[in-house]
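Protein sequence lines, in the order shown, are assigned to chains X and Z.
Letter by letter, the first sequence follows residues 302 to 909 in our numbering.
Letter by letter, the second sequence follows residues 22 to 136 in our numbering.
Glycine included, every Cβ here is placed at the ideal spot set by N, Cα and C.
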Amino acid sequence: MPSNAPTASLLAVLVVGLVLVAALLMSVGRFLPRRFADLAAMGAALAAGGGEVVMLPSALKDRLVYWMAGWEPSGGRTVGIALVGDGLSVGIALLAAVLMLAALTFSWRYFASDSTHFHGLMILFLAGMTGFVFAGDVFTMFVFFELMGVAAYALTGLKSEDPTALHGAINFGIVNSLAAYISLTGVALMYAHTGSLNLAALSVELSGDRSPLVAVTFVLVCTGFLVKGAVSPFHFWLDDAHAVAPSPVCVLFSGVMVELGLYGTARLYWAVFSDTGVASAGQVLFGALGVLTAAMGTVMCFLQRHIKRLLAYSTIAHMGVFMIALGSASGSALAGLAVYALGHAMVKGALFLLSGIILDRYGSVDEFTLQGRGRDAPWLGAAYLVAALALAGTPPFGVGLGKGLTEHALTDAGTVWATVLMIAVSAVTAGAVLRVGARIFLGLGPPPAGLEEAGMSGDEEKIEVSIGRDRVPLSMSGPVAALLGAGLVLGAAPGLSANAEAAAVQFMDRSGYVGAVLGGAVLPVSPAGTAGGWDAPSIVWGFVTATLALGLAAVAVYRHRVPAGARRVLAIAVPALRVLRRTHSGRAGDYVVWMVLGVAACGAVVLV
Amino acid sequence: MTYYAYFVAGAVMLLGIAGLATSRNLVHAVVCLSVAQSATYILLIAVGYQSGAVAPIFGAQTGRDTPVVDPVVQALALTDIVVSAAVTSMLLALVVQMAKRRRVVDPDHLGPLEG
């Protein structure tokens, strides 16, 4: 692509630049004042975001391809490492940079310590995520996947004086690294089968291949990404890690890192495997995993009392919904999914930052301990409840727009059950978040009892800061307001859904990808179809979901007033819920067993 | 004969996973993770192996027509070893911290992270 070569070289500049800044911060950070590290990290995130804003329009029009050190393909053979930026990958990198900026601003005053490890690790984490989305070959994907993983393990265990934080980080590290090695096994088998690592070259080699080996490699390579994407039964690490990681770090975990797992799966599927023997089985697999994940995440979400753990399960439930949309393999569902994930990142990020403010102010993130304590902070409560309603998909927030677009596409694809499931997931998870808000900020309901009470308490959380600040500093309330505002603006942004549609069509266009990377005739991307926006059904269903969420929250808070007959019906489910809760045992060994079973089951689905 | 290395790689991976699943000590678990990763080294090197081929260093004795083993997988294995060093040291550091704080390295006695 000579025409956009200067823009394409920005891909390499960003990835390498971020790695260098991270290396610099971590090596000489200890000799620098804390504020300098703050500014350097924020500057790096800002520069990365700026570069991505510059690249986004041309990437949407025409894929950006950069060959490291000029090792271009010759005669269809590739040896060099390619970086590829299309609308979706540049968009995700931009999202990561924006969330990083919000998290770094929030931590300006949030962390009391003068340590600069945090800043170096955060930028290393951003470098890993940016490299991962731009990687044009499977091995580079693995390397950046691990880079992002190592930074994430360290960030999870940042409060090294807190044993639960260490425990969460160890579980996260063991499960994710083992999954990455299983992926690497798949990469090696793929290389043995084809002699290529580049995604485009693999796509050409595997086109029309129906051998069982292709199915095996597909499952093995996807394992790593599905684990990162917290798809059930690979999700167990996520709630442990989110419950203990510092709140600003959770913003990035929930908002973009987990989504990157699904991005990796989708990228592999559409760039490499969509023309092989696993094409249709892969869709079935995505749909089945999506339903399982959505159900598991939703039920577990409602049973939590630890706010961050509750939000983590809500993320898992949303990942299930996203998987179902991937499984439908329709361009408009993917476009809706992109908008949905964007809106979700903003709102979930705001909720995690709010949980950080709650911890800072009251010294706990436990729903029951804090009952009624939040009545002295009306603004905090208002922001929390608005974010909870936005999570349900209330218009005019971006979550609602994405949810509406996805539901529309799924209904058009003939899967009405998926639309119903989406509404149920949104209503129940947002209902759980609202229930917490009603107890803490409005002081509603009696002291709790029963199954909910048995959950992990949020009192044990070690404090990252001196608690009991009277006023929330602007550097902490500002990012919350900015993220909520962004969630609101996304719902009204003109052209967002049209651009998402164009990015989705570009993403799913396998021959266009191959042509752009290996050279050759590139067919112009077909103009986007009828790009939807807000229409009457999506507004109505958005409000219906929000009403359902409010109703569920009310039932949960005033459970003692529910007629005894109805309560007895609900009590039947209690033993099953206890078993479900016990599967989340907090032991890495158990999670490894679940992962092996999951890989075997996925293999069975794809091979049979 | 050629399948032997693949068999060994699979067996080592499964042994590592089995060790992880039944581990009663976090240091042991991290080492089991390294064992599982060693399987990927064996697999990668086996993929590039050719009977009778020499190392891919072209010099006076190695010409254009001399069979050499595949250098790409060797580069991958080398990168993989670097990744392993980073992951293993990171996890061991976390385990050391855990042993310091709670004086426990048995994953069954770590505490309340469940539900």
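How long is the line joining the alpha carbons of residue i and residue j, rounded to whole angstroms?
i        : j        : result
X:Tyr663 : Z:Gly37  : 44 Å
X:Thr406 : X:Val355 : 23 Å
X:Leu498 : Z:Val94  : 10 Å
Z:Ala114 : X:Gly890 : 19 Å
Z:Gly80  : Z:Ala26  : 29 Å
X:Leu611 : X:Arg378 : 49 Å
X:Gly911 : Z:Ala32  : In the structure displayed, chain X extends from 302 to 909; residue 911 of chain X sits before or after that span and is not available.
X:Phe440 : X:Ala646 : 28 Å
Z:Thr61  : Z:Leu99  : 11 Å
Z:Val126 : Z:Met111 : 16 Å
X:Ala338 : X:Thr417 : 6 Å
Z:Met22  : X:Ala905 : Annotation note: pLDDT 48 at Z:Met22 (below 50); position unreliable, coordinate value reported separately. Whole-angstrom Cα-Cα distance: 29 Å.
Z:Gln58  : X:Leu479 : 8 Å
X:Pro547 : Z:Thr83  : 56 Å
Z:Lys121 : X:Lys460 : 14 Å
X:Gly788 : X:Val532 : 25 Å
X:Phe443 : X:Gly675 : 44 Å
X:Ala516 : X:Gly852 : 45 Å
X:Ala688 : X:Pro876 : 33 Å
X:Gly421 : X:Ile393 : 21 Å
X:Leu681 : X:Val781 : 10 Å
X:Met302 : X:Asn800 : Bear in mind that a pLDDT of 43 at X:Met302, under 50, signals an unreliable position, so the number given afterwards is only what the model happens to contain. Going by the C-alpha atoms only, they are around 22 Å apart.
X:Ala596 : Z:Thr87  : 59 Å
Could you name the residues of the same chain whose beta carbon sits closer than 6 Å to that of residue i, not counting the 5 residues immediately before and after it, in chain order?
i        : result
X:Ser758 : Asp667
X:Ala306 : none
X:Ile724 : Thr846
X:Leu521 : Ile483, Thr486 and Gly487
X:Gly432 : Val316 and Phe445
Hey, is residue i's beta-carbon within less than 8 Å of any beta-carbon in chain Z?
i        : result
X:Phe426 : no
X:Ile475 : yes
X:Arg888 : yes
X:Ser533 : no
X:Gly598 : no
X:Ser478 : yes
X:Phe669 : no
Note the first and the last residue of the continuous alpha helix (DSSP H) segment covering residue i.
i        : result
X:Gly843 : Ala837 to Val858
Z:His130 : Neither: Z:His130 is in no alpha helix (DSSP H) and is coded neither H nor E.
X:Asp677 : That residue, X:Asp677, is in no alpha helix (DSSP H); it is neither H nor E in DSSP.
X:Ala646 : Gly632 to Tyr663
X:Arg882 : Val875 to Thr884
X:Val579 : Premise fails: X:Val579 is in no alpha helix (DSSP H) and is neither H nor E.
X:Ile741 : Careful: X:Ile741 lies outside any alpha helix (DSSP H) and carries neither H nor E.
X:Asn800 : Leu797 to Met809
X:Ala323 : Ala306 to Val329
X:Ser555 : Where X:Ser555 is concerned, there is no enclosing alpha helix (DSSP H), given that its DSSP letter is neither H nor E.
Nearest chain X C-beta to residue i closer than 8 Å, yes or no?
i        : result
Z:Ser169 : Coverage of chain Z is limited to positions 22 through 136, which leaves residue 169 of chain Z absent and any answer about it impossible.
Z:Val48  : no
Z:Cys26  : Strictly speaking, residue 26 of chain Z in this sequence is Ala, with Cys absent from that position. Cβ-Cβ to chain X under 8 Å: no for Z:Ala26.
Z:Leu112 : yes
Z:Pro128 : yes
Z:Asp4   : One cannot answer for residue 4 of chain Z here, as it falls past the ends of chain Z, which runs 22 to 136.
Z:Gln118 : yes
Z:Arg85  : no
Z:Gln58  : yes
Z:Ala107 : yes
Z:Val89  : no
Z:Val104 : yes
Z:Leu36  : no
What does DSSP give as the partner residues of residue i in its beta bridges?
i        : result
X:Ala367 : Before going on, a small fix: residue 367 of chain X reads as Tyr here, not Ala. Paired residues: X:Leu384.
X:Ser375 : X:Arg378
X:His607 : X:Asp667
Z:Val75  : Z:Val89
X:Ala436 : X:Leu384
X:Asn499 : X:Asp438
Please go through the same chain and pick out, in chain order, the residues whose beta-carbon is closer than 7 Å to the beta-carbon of residue i, but skip the five residues on each side of it.
i        : result
Z:Gln29  : A small correction: the amino acid at residue 29 of chain Z is Val; Gln does not occupy that position in the sequence shown. Counting only Cβ-Cβ distances below 7 Å, and skipping sequence neighbours, we find Ile63.
X:Arg740 : Glu668, Gln672, Gly746 and Val858
X:Leu467 : Gly458 and Ser461
X:Met777 : Phe407, Arg410, Tyr411 and Ile658
Return the chain-ordered list of same chain residues with a C-beta closer than 8 Å to the C-beta of residue i, the five sequence neighbours on each side being excluded.
i        : result
X:Met369 : Ala313, Gly381, Ile382, Ala383 and Leu384
X:Leu652 : Leu612, Tyr685, Ala688, Ala689, Leu692 and Val734
Z:Val51  : Thr109, Leu112, Leu113 and Val116
Cβ-heavy atom distance between residue i and the ligand NAD below 7 Å?
i        : result
X:Val515 : This structure simply doesn't include the ligand NAD, nor any ligand for that matter.
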